[in-house]
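Protein chains: 2
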Amino acid sequence: MRNLFSLDLVLLSPRDGEWYVCTAAGAPKARGISRALPFMAVSKAPSEALPALAKSLATKTVGAASRWMTQVGAFSDGTHPADTPISVAFVAVYPNGTVQDDEGWIRAESAVLPSRQKAVLKATLGMLKHAVEHEPIAFHSLPSTFTLRELQQVYELLLERPLHKASFRRSLQAAQLVEPTKAWRAEGRGRPAQLYKFAPRRRRGSVRGVRFEIAR
Amino acid sequence: MRNLFSLDLVLLSPRDGEWYVCTAAGAPKARGISRALPFMAVSKAPSEALPALAKSLATKTVGAASRWMTQVGAFSDGTHPADTPISVAFVAVYPNGTVQDDEGWIRAESAVLPSRQKAVLKATLGMLKHAVEHEPIAFHSLPSTFTLRELQQVYELLLERPLHKASFRRSLQAAQLVEPTKAWRAEGRGRPAQLYKFAPRRRRGSVRGVRFEIAR
DNA sequence: TCAATAGTGTCTGTTAGACATTATGGA
DNA sequence: TCCATAATGTCTAACAGACACTATTGA
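Residue numbers (our numbering), protein chains in the order written: chain C, 2 to 217; chain S, 2 to 217.
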């Protein structure tokens, strides 16, 4: 039976200041591409909704459920191992520490993928840059407790630009999104860092004026 | 031949401080729903890319090309007149003045649509709220010249909240996105308003710190 | 003691929001 | 003259960015 579409997953996890993306074997060997983003070929009208399908595929692939997932979009260009006319992509993040020395997780920057999936990955990273402002992506990219330095590094990964330490912490405090725990963590030389947990109290009340960052 | 998917369009245009959405006849008469968003049922792998397909369908439907269009996403829930497992939706805006007393354009707020398309419309309006910051949607929702009051009203429609007049104009001036023309337009009683045109000079250089507007 | 990192205090320039004021037309 | 709307000036509070400083650990 001919496939209707494929459902593709961009599963990301930060490690060493870079995004790692989960891949599976089974892509066509043509042109030296042996790995691909996890996908599921759908050949009949699915009984479940797309998000539920994506969630179960992610859980099956990684062995754990992701805490945040959203749709990236539908893609029709380029080549895809399932050879479907379109692919619907979802993105999910897994906490820092998920990536072990597993060859399934590879650096997103240098990932070699079928051309459609390469476009999916690029679109995903561009989408995260905007979505980070409205969704708690960074917090779900970390374990339940984390240092503020780790949090800032994830934000810098998401936004693809450096952030100012003091300003970052002030804004974070004003937003009342995290709470300190009583635990501290020493790494290497310097002063130990306090561990925080994600505990949003309220949405930032002051909705500020328009920003005009219009791409031309 | 069974359909692979449908391509749906959310064609929006502002009028009287509200969004109007373009609909076409031909939806099933069941449950009193007689109109639907314009769509195209795709039964074989398309020779064109999705954006090109959407663009040509929009041009054919409205009789004019839109100046801005982007994908909303893929939708699988609910009912759809094409009865496809998924629908890929695109959104485009048409300038104020496109909507005449044509029954094809109806108020988006009170639109009665097949359930999947209703979800598409809702997701679209939510998406625009975030996209307006990064893409010149508002300018493409107006004719080539417009008053700053019209521009602010479109932004208020997009953002779904009122804006402060003086701050809006200051930010607009700082962003160097518009240029005044020599024309003025008098409407009703008060002082005539100067007409402006969209003429972006530069991207706003100062990329400011993180905003934490995290939805919980 | 030194190096390295965590965390904070202060200063300054920018800007959003409030408010007031002037400008300019029609009724 | 009065009213409605456009456009702009001023003040203030909030905030981002820079910088410096203190705090606390390991080497």
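Backbone N, C-alpha and C define an ideal beta-carbon position, used for all residues, glycine too.
Same chain, Cβ closer than 8 Å to residue i, five either side skipped, listed in chain order
{"i": "Thr62 (chain S)", "result": "Leu10, Leu12, Cys23, Ala25, Pro39"}
{"i": "Ala184 (chain S)", "result": "Thr146, Gln195, Leu196"}
{"i": "Pro86 (chain S)", "result": "Phe6, Ser77"}
{"i": "Val120 (chain C)", "result": "Before going further, note that residue 120 (chain C) is Ala rather than Val in the sequence given. Phe76, Asp78, Gly79, listed in sequence order."}
{"i": "Val133 (chain S)", "result": "Ala139, Tyr156, Leu159, Leu160"}
N-terminal and C-terminal residue of the alpha helix (DSSP H) that residue i is part of
{"i": "Arg171 (chain C)", "result": "166-176"}
{"i": "Gln154 (chain S)", "result": "149-160"}
{"i": "Ala75 (chain C)", "result": "Ala75 (chain C) -> not in any alpha helix (DSSP H); beta strand (DSSP E) instead, spanning 69-76."}
{"i": "His81 (chain C)", "result": "Run containing His81 (chain C): none; DSSP gives neither H nor E here."}
{"i": "Ala139 (chain S)", "result": "138-141"}
Same chain, Cβ closer than 7 Å to residue i, neighbours up to 5 away in sequence not counted
{"i": "Ser116 (chain S)", "result": "Gly79, Thr80"}
{"i": "Phe147 (chain S)", "result": "Leu196, Tyr197"}
{"i": "Thr60 (chain S)", "result": "Ala66"}
{"i": "Gly98 (chain C)", "result": "Pro144"}
{"i": "Val179 (chain S)", "result": "Leu173, Tyr197, Lys198, Phe199, Ala200"}
{"i": "Ala83 (chain S)", "result": "Asn4, Ser7, Phe40, Ala42"}
Coil, strand or helix - residue i by DSSP
{"i": "Ile215 (chain S)", "result": "coil"}
{"i": "Arg16 (chain S)", "result": "strand"}
{"i": "Leu38 (chain S)", "result": "coil"}
{"i": "Gly127 (chain C)", "result": "helix"}
{"i": "Gln101 (chain S)", "result": "coil"}
{"i": "Ala25 (chain S)", "result": "strand"}
{"i": "Ile87 (chain C)", "result": "coil"}
{"i": "Arg108 (chain S)", "result": "strand"}
{"i": "Val179 (chain C)", "result": "strand"}
{"i": "Leu5 (chain C)", "result": "coil"}
{"i": "Val1 (chain C)", "result": "Lying before the first or after the last residue shown, residue 1 (chain C) is absent from chain C, which here runs from 2 to 217."}
{"i": "Ala254 (chain C)", "result": "Residue 254 (chain C) falls outside the range modelled here, since chain C spans only 2 to 217, and no answer is possible."}
{"i": "Ala93 (chain C)", "result": "strand"}
{"i": "Val121 (chain C)", "result": "helix"}
The beta strand (DSSP E) enclosing residue i, as first and last residue numbers
{"i": "Lys198 (chain S)", "result": "194-199"}
{"i": "Pro52 (chain S)", "result": "Element bounds for Pro52 (chain S): not the beta strand (DSSP E) but the alpha helix (DSSP H), 51-63."}
{"i": "Ala222 (chain S)", "result": "The requested residue 222 (chain S) does not occur in the structure, where chain S is confined to residues 2 to 217."}
Assumed close pair residue i, residue j - CB separation to whole angstroms, cut-off 8 Å
{"i": "Val89 (chain C)", "j": "Leu8 (chain C)", "result": "5 Å"}
{"i": "Ala112 (chain C)", "j": "Leu126 (chain C)", "result": "At roughly 11 Å, the Cβ-Cβ gap does not stay under 8 Å, so Ala112 (chain C) and Leu126 (chain C) are not in contact."}
{"i": "Phe169 (chain C)", "j": "Val211 (chain S)", "result": "6 Å"}
{"i": "Gly191 (chain S)", "j": "Ala124 (chain S)", "result": "About 38 Å; that fails the 8 Å criterion."}
{"i": "Lys166 (chain C)", "j": "Gln153 (chain C)", "result": "7 Å"}
{"i": "Met70 (chain C)", "j": "Ala55 (chain C)", "result": "6 Å"}
Cβ neighbours of residue i in the same chain (closer than 6 Å, five flanking residues each side left out)
{"i": "Ser14 (chain C)", "result": "Tyr21, Tyr95, Thr99, Val100"}
{"i": "Met41 (chain S)", "result": "Leu8, Leu58"}
{"i": "Pro181 (chain C)", "result": "Gln195, Tyr197"}
{"i": "Pro137 (chain S)", "result": "none"}
{"i": "Gln72 (chain C)", "result": "Phe91"}
{"i": "Ala187 (chain C)", "result": "Pro193"}
Residue i: CB within 7 Å of a non-hydrogen atom of the ligand GDP
{"i": "Thr85 (chain C)", "result": "As presented, the structure is devoid of all ligands, the ligand GDP included, so that no description of it is given."}
Give me the subset of the region 146-168 of chain C whose CB atoms are less than 8 Å from a CB atom of chain S, sorted by chain position. Using a CB distance below 8 Å, the part of the region 146-168 of chain C facing chain S consists of Tyr156, Leu160, Arg162, Leu164, His165, Ser168, ordered along the chain.
Taking a Cβ distance cut-off of 9 Å, strictly less, list which residues of the region 110-126 of chain C are near chain S, in chain order. none
Please name the residues in the region 74-95 of chain S whose beta-carbon is closer than 7 Å to at least one beta-carbon of chain C, in chain order. Gly74, Ala75, Ser77, Asp78, Pro86, Ile87, Val89
The region 13-29 of chain S: which residues have C-beta closer than 8 Å to a C-beta of chain C, in chain order? none
If the cut-off is 7 Å on Cβ atoms, which residues from the region 128-143 of chain S count as contacting chain C, listed in chain order? His131, Glu134, His135, Glu136, Pro137
Proximal residues, the region 39-59 of chain C versus chain S, C-beta separation under 7 Å: Ala46, Pro47, Ala50, Leu51
Where the region 170-183 of chain C meets chain S: residues whose CB sits under 7 Å from a CB there: Ser172, Leu173, Ala176, Leu178
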